[in-house]
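S.K.: Using the working numbering, you'd call the opening residue of the sequence shown number -12 and step up by one each time.
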Amino acid sequence: QSRAASGLFTASDADGEGITQYGLWDTEGSGHWVVNGVTQAANTEIVITAAQLAQTSYIAGSGTDH
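#1: If you check the beta carbons only, do T36 and Q8 fall under 8 Å apart?
#2: Just how far apart, CA to CA, sit W12 and A29?
#3: Does A(-8) pass the burial test, meaning 16 or more other C-beta atoms within 10 Å, or should it be called exposed?
#4: Quick one, are the C-beta atoms of G18 and I46 less than 8 Å apart?
What follows is the structure in structure tokens.
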């Protein structure tokens, strides 16, 4: 199953400023992140801009993902 990253979490800044970057991580699972159609490596931090959030999804695998 594919899930839009924007629907998996929320983020806010204590000062009310806009979020400019997100750090994503995938460990211990059979799924993976996809940014603008490109599969991202597992077990690494994936840094995306706020604009890239709309083009980012998580493809769940057959096992449990963390």
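No residue lacks a Cβ here, since even glycine has one placed at the ideal position from N, Cα and C. Please read all numbers here as calculations on a predicted model, not as lab measurements.
M.R.: In short:
#1: Looking up residue 36 in the sequence shown gives position 49. Looking up residue 8 in the sequence shown gives position 21. Between T36 and Q8, the C-beta gap is smaller than 8 Å, which places the two residues in contact.
#2: As a first step, residue 12 must be located in the sequence shown, where it is residue number 25. As a first step, residue 29 must be located in the sequence shown, where it is residue number 42. The straight-line gap from Cα to Cα measures roughly 8 Å.
#3: Mapped onto the sequence shown, residue -8 falls at position 5. Buried, because 16 or more other Cβ atoms sit within 10 Å of the Cβ of A(-8).
#4: On the sequence shown, position 31 is the one that residue 18 refers to. On the sequence shown, position 59 is the one that residue 46 refers to. Yes, they are a contact pair.
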